[in-house]
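**Student:** First to last, the sequence lines map onto chains Z and G.
Under numbering that gives the first Met the number 0, the first sequence has 4 at position 5, and the numbering climbs by one with no breaks.
Under numbering that gives the first Met the number 0, the second sequence has 40 at position 41, and the numbering climbs by one with no breaks.
Using N, Cα and C, we set each Cβ at its ideal position, and we do this for glycine too.
One structure, pasted below without further comment.
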Amino acid sequence: MAKETGIISWKKLDLGTAILSPGSAQSLKTGDWRSMRPVVDYDVCIRCGRCYIYCPDMVYVKVETGHYEPNYYYCKGCGICANECPVQAIKMVEEGD
Amino acid sequence: MGKRVGMEVSIAAAEAVGMADVDLIAAYPITPQTHVVEHLSELVADGHLDAEFVPVESEHSAMSTCVGSSAAGARTFTSTSSQGYALMAEICYIAAGLRLPIVMVVANRALSAPINIWNDHADMMMSRDTGWIQTIAENGQEVVDLIFHAFRVAEDHRVLLPFIINMDGFTLSHVIEPIILPDKEEVARYLPPFKPALRLDPKHPVTIGPVGMPDVYTEAKKVHDEVLKASKDVIVEAWKELGDQFGRYYKPVETYKTEDAENLLFTMGSISETAMTAIDAMRESGKKVGLVHLRLWRPFPSDEIYEAMKGAKAIAIVDRALTLNGVCGPVCAEIKSTLYDRKFHPYIKNYIAGLGGRDVTVDNFVEMMDKLAESAGRGDPMGYEIVGVKE
Numbered sequence: 000m001a002k003e004t005g006i007i008s009w010k011k012l013d014l015g016t017a018i019l020s021p022g023s024a025q026s027l028k029t030g031d032w033r034s035m036r037p038v039v040d041y042d043v044c045i046r047c048g049r050c051y052i053y054c055p056d057m058v059y060v061k062v063e064t065g066h067y068e069p070n071y072y073y074c075k076g077c078g079i080c081a082n083e084c085p086v087q088a089i090k091m092v093e094e095g096d
Numbered sequence: 000m001g002k003r004v005g006m007e008v009s010i011a012a013a014e015a016v017g018m019a020d021v022d023l024i025a026a027y028p029i030t031p032q033t034h035v036v037e038h039l040s041e042l043v044a045d046g047h048l049d050a051e052f053v054p055v056e057s058e059h060s061a062m063s064t065c066v067g068s069s070a071a072g073a074r075t076f077t078s079t080s081s082q083g084y085a086l087m088a089e090i091c092y093i094a095a096g097l098r099l100p101i102v103m104v105v106a107n108r109a110l111s112a113p114i115n116i117w118n119d120h121a122d123m124m125m126s127r128d129t130g131w132i133q134t135i136a137e138n139g140q141e142v143v144d145l146i147f148h149a150f151r152v153a154e155d156h157r158v159l160l161p162f163i164i165n166m167d168g169f170t171l172s173h174v175i176e177p178i179i180l181p182d183k184e185e186v187a188r189y190l191p192p193f194k195p196a197l198r199l200d201p202k203h204p205v206t207i208g209p210v211g212m213p214d215v216y217t218e219a220k221k222v223h224d225e226v227l228k229a230s231k232d233v234i235v236e237a238w239k240e241l242g243d244q245f246g247r248y249y250k251p252v253e254t255y256k257t258e259d260a261e262n263l264l265f266t267m268g269s270i271s272e273t274a275m276t277a278i279d280a281m282r283e284s285g286k287k288v289g290l291v292h293l294r295l296w297r298p299f300p301s302d303e304i305y306e307a308m309k310g311a312k313a314i315a316i317v318d319r320a321l322t323l324n325g326v327c328g329p330v331c332a333e334i335k336s337t338l339y340d341r342k343f344h345p346y347i348k349n350y351i352a353g354l355g356g357r358d359v360t361v362d363n364f365v366e367m368m369d370k371l372a373e374s375a376g377r378g379d380p381m382g383y384e385i386v387g388v389k390e
């Protein structure tokens with residue numbers, strides 16, 4: 000027999016594969032097909048938070064210093080943050096570089 | 000006790016949906032639509048039915064609206080046909096995968112090209128794999144009864160699947176027949192109010208319709224397969240209760256004069272009544288023939304088909320659609336598969352008949368059965384044949 004490869008028994012799926020508790024996407028790693036990665040230069044950053052506002056995947060998290068740091072676990076590398084940054088503090092870098 | 004009326008079958012279907020106390024009807028009102036939703040819009044507009052009627056801009060939107068409505072916990076109905084059904088097909092798969100008990104009447108008609116909106120089963124066969132439960136009616140009374148039955152089964156928490164009642168376009172949808180319409184109170188006794196197992200509710204947020212990655216999609220399909228197969232017991236149980244209450248009993252597979260029959264004819268839909276007349280005529284001339292006719296199309300009643308056909312020498316299977324696979328028609332393929340699995344290998348000839356509104360007559364059936372006997376006697380290759388095609 001082929002090895003079972005699913006993550007949950009078909010008998011335990013909720014009705015219509017519905018998700019009954021909100022926020023479950025947090026545990027879903029969706030950043031692994033990224034080809035470009037945003038890198039922030041915190042010496043240039045003015046902490047305006049536009050990267051945080053414009054990111055479609057809520058990748059940026061505010062840290063104690065008032066800066067915003069990207070969580071690459073969810074980042075798709077779309078580059079919107081780099082485009083919107085008013086002081087060009089964010090550069091898109093090839094993955095693997 | 001209800002009343003016996005002479006009524007166009009589409010209008011009677013609308014009356015039945017109204018008696019089922021539906022909450023929302025979404026429909027695209029232009030050809031190939033039928034009077035089913037036209038009459039429902041009248042019932043709502045005239046204040047006879049307390050429901051939302053949503054006239055949308057396409058059948059794709061009609062089924063999308065139904066998905067939202069059913070997910071919100073409303074008893075939901077729509078109706079379509081032919082090309083409109085084809086446009087709706089994308090969302091039909093979603094309604095089934097999300098386990099939403101939407102009920103739909105399909106007036107079965109041909110698919111283009113050439114443009115043709117007359118009766119055949121091309122649209123039914125196009126959507127055979129959408130994962131809905133599907134029954135098929137032979138007359139107007141059955142359309143009405145099968146609508147009550149559909150809501151009852153679809154909403155049963157052991158099932159929770161969308162449900163189609165197929166009725167032949169024009170041959171049934173546009174003819175006036177004598178029909179017993181029950182009282183609304185009788186229907187309410189048979190059909191309890193819809194209690195959704197899961198619904199969209201801002202107080203209890205859930206996600207209906209999320210992505211299913213490769214690590215869960217297979218399991219989701221497995222559930223659907225198991226639930227659809229298991230629905231047969233509920234379908235049969237609900238038919239039994241319908242019979243006990245209204246006096247009209249239905250089975251997944253019906254038989255007519257098959258007890259001592261050597262050769263069998265197989266049909267589905269309204270031509271089955273013509274086929275019974277043909278069987279009577281052939282019996283009078285001493286031919287040992289019988290009819291097997293199908294009422295439940297999905298889930299496919301394999302066991303019942305085998306029980307009805309076992310022991311036959313030769314079988315003529317009538318398909319009302321051409322699969323264009325060069326092998327045989329869609330219903331014939333499933334019957335052959337069923338019988339092969341059970342190691343019963345009779346002589347089977349497949350007749351493709353009644354395409355795009357061409358009549359299927361008593362003479363057609365007699366000719367099919369005579370040719371079946373001759374071909375089986377000679378041991379001709381089995382295969383399929385398009386009946387009455389002009390060379």
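Is it true that the stretch 104-112 of chain G meets the stretch 56-75 of chain G, where meeting means three or more beta-carbon pairs spaced less than 8 angstroms apart?
**Tutor:** The answer is no - the stretch 56-75 of chain G does not touch the stretch 104-112 of chain G, with fewer than three Cβ pairs under 8 angstroms.
**Student:** Residue range of the alpha helix (DSSP H) that Trp238(G) falls in?
**Tutor:** Residues 213-245.
**Student:** In this structure, what does DSSP give as the bridge partners for Asp167(G)?
**Tutor:** Answer by DSSP bridge pairing, in chain order: Asn107(G).
**Student:** How long is the line joining the alpha carbons of Asp122(G) and Ala85(G), rounded to whole angstroms?
**Tutor:** Those two C-alpha atoms are separated by around 7 angstroms.
**Student:** Quick check: what's the CA-CA separation for Phe90(G) versus Asp182(G)?
**Tutor:** Correcting the residue identity first, residue 90(G) is Ile in this sequence and not Phe. Straight-line Cα distance between these residues: approximately 34 angstroms.
**Student:** Going by the beta-carbon positions, is the gap between Tyr53(Z) and Glu83(Z) smaller than 7 angstroms?
**Tutor:** In this structure, Glu83(Z) lies closer than 7 angstroms to Tyr53(Z) by Cβ.
**Student:** Less than 7 angstroms between the C-beta atoms of Ala61(G) and Tyr92(G), yes or no?
**Tutor:** Cβ atoms of Ala61(G) and Tyr92(G): not closer than 7 angstroms.
**Student:** Spell out whether any CB of chain G is found under 7 angstroms from the CB atom of Ile89(Z).
**Tutor:** No, no contact with chain G.
**Student:** Considering just the uninterrupted stretch of the alpha helix (DSSP H) at Gly96(G), what are its terminal residues?
**Tutor:** Per DSSP, Gly96(G) belongs to the alpha helix (DSSP H) from 81-96.
**Student:** What are the complete beta strand (DSSP E) segments, minimum 3 residues, inside the stretch 291-372 of chain G?
**Tutor:** Listed in chain order, the complete beta strand (DSSP E) runs (minimum 3 residues) inside the stretch 291-372 of chain G are 295-297, 313-318, 346-351.
**Student:** Are the stretch 83-94 of chain Z and the stretch 40-49 of chain Z in contact at 8 angstroms, needing three or more beta carbon pairs?
**Tutor:** At 8 angstroms Cβ cutoff, the stretches touch.
**Student:** Do Gly168(G) and Arg127(G) come within 7 angstroms of each other at the CB atom, strictly closer than that value?
**Tutor:** Result no, Cβ atoms of Arg127(G) and Gly168(G) do not sit closer than 7 angstroms.
**Student:** Below 8 angstroms on the Cβ atoms is my contact criterion, and I expect Glu137(G) with Glu272(G) to pass it. Report the Cβ-Cβ distance as a whole number of Å.
**Tutor:** Right, the Cβ-Cβ distance comes to about 6 angstroms (below 8 angstroms), so this counts as a contact.
**Student:** Since I believe Leu264(G) is in contact with Leu290(G) (beta carbons under 8 angstroms), could you give me their beta-carbon distance rounded to a whole number of angstroms?
**Tutor:** Between Leu264(G) and Leu290(G) the Cβ distance is about 5 angstroms, and since that is below 8 angstroms, they are a contact.
**Student:** Taking CB distances under 7 angstroms as the criterion, tell me whether Pro55(Z) reaches chain G.
**Tutor:** Cβ-Cβ to chain G under 7 angstroms: no for Pro55(Z).
**Student:** Starting from the beta carbon of Glu154(G), find every residue of chain Z whose beta carbon is closer than 8 angstroms, and list them in chain order.
**Tutor:** Near Glu154(G) there are no residues of chain Z at all, since even the closest Cβ is about 13 angstroms away, more than 8 angstroms.
**Student:** Just grab the DSSP bridge partners of Pro181(G) for me.
**Tutor:** Paired residues: none, contrary to the question.
**Student:** If I'm right that Ala11(G) touches Val143(G) with Cβ under 8 angstroms, what's the distance once you round it to whole angstroms?
**Tutor:** Right, their Cβ atoms sit about 5 angstroms apart.
**Student:** Considering only their Cβ atoms, is the gap separating Arg157(G) from Val233(G) smaller than 7 angstroms?
**Tutor:** Cβ atoms of Val233(G) and Arg157(G): closer than 7 angstroms.
**Student:** Hey, how far is the Cα of Val36(G) from the Cα of Thr77(G)?
**Tutor:** Taking the straight line from one Cα to the other gives about 7 angstroms.
**Student:** Exposed or buried, what is Arg74(G) when buried is set at 16 or more other beta-carbons lying within 10 Å of its beta-carbon?
**Tutor:** That one is buried.
**Student:** So is Lys2(Z) buried or exposed if we call it buried at 16+ other beta carbons inside 10 Å?
**Tutor:** By the 10 Å Cβ count, Lys2(Z) comes out exposed.
**Student:** Would a C-beta distance cut-off of 7 angstroms place Asp20(G) and Gly355(G) closer than the cut-off?
**Tutor:** No, the pair does not count as a contact, with Cβ atoms beyond the cut-off.
**Student:** Just checking my contact of Met367(G) with Tyr339(G) at CB under 8 angstroms: how many whole Å lie between their CB atoms?
**Tutor:** Incorrect: roughly 22 angstroms between the Cβ atoms, too far for contact.
**Student:** Taking the beta strand (DSSP E) that Arg3(G) falls in, what are its first and last residues?
**Tutor:** Residues 2-7.
**Student:** With burial defined as no fewer than 16 other Cβ atoms inside 10 Å of the residue's Cβ, what is the status of Phe343(G): buried or exposed?
**Tutor:** Per the 10 Å Cβ criterion, exposed.
**Student:** Three-state secondary structure (DSSP) at Arg74(G)?
**Tutor:** Arg74(G): coil per DSSP, three-state reduction.
**Student:** Could you tell me which residues DSSP puts in a beta bridge with Pro195(G)?
**Tutor:** For Pro195(G), which the question treats as bridged, DSSP gives no partner whatsoever.
**Student:** Could you tell me how far apart the beta carbons of Gly72(G) and Arg198(G) are, in whole angstroms, since I believe they sit closer than 8 angstroms?
**Tutor:** That pair is a contact at about 4 angstroms.
**Student:** To the nearest whole angstrom, what separates the beta carbons of Ile304(G) and Val252(G), a pair I think is in contact under 8 angstroms?
**Tutor:** Between Val252(G) and Ile304(G) the Cβ distance is about 6 angstroms, and since that is below 8 angstroms, they are a contact.
**Student:** Residues of chain G with CB under 7 angstroms from Gly30(Z), in chain order?
**Tutor:** Those within 7 angstroms of Gly30(Z) in chain G number zero; the least Cβ separation is about 15 angstroms.
**Student:** Going by other Cβ atoms of all chains shown within 10 Å of its Cβ, with 16 needed for buried, is Met103(G) buried or exposed?
**Tutor:** Burial call: buried.
**Student:** For Ser26(Z), go through chain G and note every residue whose CB falls closer than 7 angstroms to its CB, in chain order.
**Tutor:** Going along chain G, no residue has its Cβ under 7 angstroms from Ser26(Z), so there is no contact; the nearest lies around 12 angstroms.
**Student:** In chain Z, which residues lie with their C-beta within 9 angstroms of the C-beta of Thr217(G)?
**Tutor:** What Thr217(G) touches in chain Z: Thr4, Gly5, Trp9.
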